[in-house]
Structures are given as structure tokens and as C-alpha cells.
Amino acid sequence: AGLQESYRHMKISIEGIQDNVTWVANRELFSSIVTNLLENAVKYSSTQVRVRCEKEATQLNLFVDDNGPGIDAAQRDQVFEPFFRGDGKERVQSESHGLGLAIVKACVESIRGTITLGTSELGGLSVNVTLPQAV
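Going by our numbering, the sequence shown opens with residue 104, and the numbers climb by one from there.
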């Protein structure tokens with residue numbers, strides 16, 4: 104809701120989250136993952152961001168898609184390196200320091216999750232984070 108208020112020109116949709124879903128996770132790490140992914144998507148998207156969650160028995164899948172320029176497949180591993188900013192179509196004029204996805208990956212891996220990048224059906228970047236249930 105806070106992002107939607109800050110970015111009135113952007114359509115942010117949230118799908119797959121029910122009111123009574125309980126998920127055990129490290130609050131600070133989970134918050135850092137979600138915040139960085141949303142801020143990154145909003146920053147690079149032209150008009151649309153979609154967040155989708157799918158809860159399975161032992162894991163949570165979080166998908167963040169946008170309709171921005173995306174990231175070339177050849178540079179997808181590099182964007183997880185601190186301070187990396189792509190050259191070409193994925194470089195957008197912004198206040199970015201190239202830390203968002205590096206922070207997300209470190210947080211995800213610290214709780215034994217995975218992160219993958221792809222091409223969104225919206226035309227931009229698709230980020231899929233899979234997090235195991237904390238015990």
C-alpha cells in the first residue's frame with residue numbers, strides 16, 4: 104500500500120495472498136527481500152508491477168514481475184554482484200547503486216532459499232524467490 108501511494112502512476116497488483124495465511128520466517132530478512140524486490144520493480148518498470156505469492160506445504164514462492172526493460176539473459180548472473188549496473192536497455196536513469204538484487208540474493212540464500220530471474224509475461228523482468236518454511 105505504501106508503494107502504491109508513492110508511485111501513483113504505477114499499477115501495482117498483488118495476487119494469491121489470502122487473509123489467513125501464516126508463514127514462519129525471519130521478519131527482517133523477509134522484509135528486506137520483499138522491499139528490495141518491489142522498489143527495484145517499481146524503479147525499472149514503465150507502468151505495471153505484479154506481485155504473486157503461492158504457498159505450498161513446505162515453501163513459499165514469491166513472484167515479482169514488471170513491464171520495464173528487463174535484463175538480458177547474458178547479464179542475469181552479474182546483476183547479483185554488488186554495484187553492478189547493466190549497460191544497454193536495462194540501464195535506467197535512477198538513483199540506483201546496484202545493490203538491490205545483491206541484497207535480495209544474500210538474504211534469500213541465508214535462509215536456504217533460491218532466486219531466479221527470467222522474462223516476465225508483462226515484458227520486463229520476472230523474479231522468482233522460493234523460501235522454505237522456517238522451523
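Backbone N, C-alpha and C define an ideal beta-carbon position, used for all residues, glycine too. Predicted model only: the values in this text are computed from it and were never measured.
Under the rule that 16 or more other beta-carbon atoms within 10 Å means buried, what is Ala144, buried or exposed? buried
Tell me which residue opens and which closes the beta strand (DSSP E) that Arg155 is part of. Gln151 to Lys158 is the span of the beta strand (DSSP E), which, as asked, contains Arg155.
Classify Val182: buried if its beta carbon has 16 or more other beta carbons within 10 angstroms, exposed otherwise. buried
Considering only C-alpha positions, which residue in the set Pro235, Gln236, Leu234 and Val230 is nearest to Gly171? It is Val230 whose Cα lies nearest to the Cα of Gly171.
Host beta strand (DSSP E) of Val230 (start-end): Leu228 to Pro235
Check whether the Cβ atoms of Thr138 and His112 lie closer than 8 Å to each other. no
In whole angstroms, give me the CA-to-CA distance for Leu220 and Arg155. 15 Å
Phe187 - containing beta strand (DSSP E), residue span: It is not in any beta strand (DSSP E) - Phe187 carries neither H nor E in the DSSP assignment.
Here's the rule I'm using: 16 or more other beta-carbon atoms within 10 Å means buried, otherwise exposed. How should Val207 be labelled? buried
In the structure shown, what three-state DSSP assignment does Arg179 receive? coil
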